[in-house]
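Residue 238 in this note's numbering sits at position 243 of the sequence shown; the count goes up by one each step and never skips. Where a beta carbon is used, it is the ideal one built from N, C-alpha and C, also for glycine. If you're wondering where the values come from, they're calculated on a predicted model, not measured in any experiment.
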Amino acid sequence: MIRKPAVAGQFYPSDPIELKKLINSFVAKDKAIVKEKAIACILPHAGYIYSGKVASDVLSSIEVARTCLIIGPNHSGYGEPSSISREGEWQTPLGNIKIDTALADELIKNSVYLVDDPAAHANEHCVEVELPLIQELSGKDFTFVPMVLAWADDLVYKDIVGSIVKSIKTLKKNVTLIASSDMTHYESQNSAAHKDEEAIKAILRLNETELLEAIERLSISMCGYIPTVVTIMAAKKLGAKRASLISYQTSGDVTGDYSSVVGYAGMIIQ
């Protein structure tokens, strides 16, 4: 099964030459970037003109593994609340990328909640948007597993995190965890920056409880907070000790309109 792009020509160019040119325009040419090892990262998933620079700052600074587990929120509402698409290929303008079925099957086997549900992924953009960036900036072929999460409580968090850690260790794979999330949505620049700063502080401390508390206390409209919590928890169990903020900006920094912005943070977890 080949999944066709759902948002090519909308979130990013559908023409491969234009797409490559745009992605490479985000990367500084005047300095050599030493790529760091990272267990996980957090990437935004808006249109490239808004968040492509932030995502590229992260992806050009880390060594991406040959397998990526990309975890995002379910914006569409379709499908099961905790889902994986377990087989096939995803088409992008830069070529097809295979799903790592062995990892997908292991994740499903080790979880009560994760199920194979391609319908949940058919029109969802949060994983798709990351793929051309990884293709162009990692400089290597890779496989991936797409996971989208619509809802979670303590039991779901524990189950999915446990499945991720057990699956990676069982298969002895080097896997880069990627949480796909934008930050505050449609508030003033000052409000978004304040709220996002509180969320980022919690992530920098690798404190998922503090992040959840900040989101509730400040009503932070961070669409991928569930994937981010899962990623923090799993990364710590896989040995992560610290997090770094690589890049932050808002849509206002692109449009010049600061009255209603969306925030974008790019972070790595090591």
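Indicate whether Pro39 and Tyr220 have their beta-carbon atoms separated by less than 9 Å.
no
Measuring alpha carbon to alpha carbon, tell me which of Glu123, His70 and Val59 ends up nearest Lys4.
The sequence given here has Gly at residue 4, not Lys. Nearest to Gly4 by C-alpha distance, out of Glu123, His70 and Val59, is Glu123.
Nearer than 8 Å: is that true of the beta carbon of Gly90 relative to any heavy atom of the ligand PLP?
As far as ligands go, the structure on display features none, and thus does not contain the ligand PLP.
Starting from the Cα of Pro127, find the closest Cα among Ser242, Thr250, Leu240 and Lys15 and give me that residue.
Lys15
Quick one: measure Cβ to Cβ for His180 and Val249, integer angstroms, because I've assumed they're closer than 8 Å.
15 Å between Cβ atoms; not a contact.
Using a Cβ distance threshold of 8 Å, determine whether the segment 128 to 136 contacts the segment 72 to 81, with at least three qualifying pairs required.
no
Considering just the uninterrupted stretch of the beta strand (DSSP E) at Met142, what are its terminal residues?
Segment Thr138 to Leu144, the beta strand (DSSP E) holding Met142.
Distance, Cα to Cα, Lys161 vs Ser71?
29 Å
I'd like the ranges of any beta strand (DSSP E) spanning at least 3 consecutive residues and lying wholly in the segment 3 to 85.
35 to 38, 62 to 68 and 77 to 79
Using a Cβ-Cβ cut-off of 6 Å (strictly less than) and excluding sequence neighbours within five positions of Ser246, which residues of its own chain qualify?
Tyr45, Val256 and Val257
Could you check which residue in Glu13, Ile65, Val53 and Lys196 has the C-alpha nearest to that of Lys30?
Val53
Is the distance from the Cβ of Met262 to the Cβ of Ser239 below 9 Å?
yes
On the criterion of 16 or more Cβ atoms from any shown chain inside 10 Å, does Gly90 qualify as buried, or is it exposed?
exposed
By Cβ distance, which residues of its chain are closer than 8 Å to Thr226, with the 5 residues on each side in sequence left out?
Ala35, Ile37, Ile66, Leu172, Ile173, Ala174 and Ile264
Answer yes or no: do Ala60 and Asn169 have a C-beta to C-beta separation smaller than 9 Å?
yes
Quick one: grab the DSSP three-state call for Asn91.
strand
Nearest-angstrom Cα distance between Asn19 and Ile92?
Between Asn19 and Ile92, the alpha-carbon positions lie close to 20 Å from each other.
With contact counted as at least three CB pairs below 8 Å, one residue from each stretch, are the segment 182 to 189 and the segment 150 to 157 in contact?
no
Per DSSP, Asp111 forms a beta bridge with which residues?
Ile79
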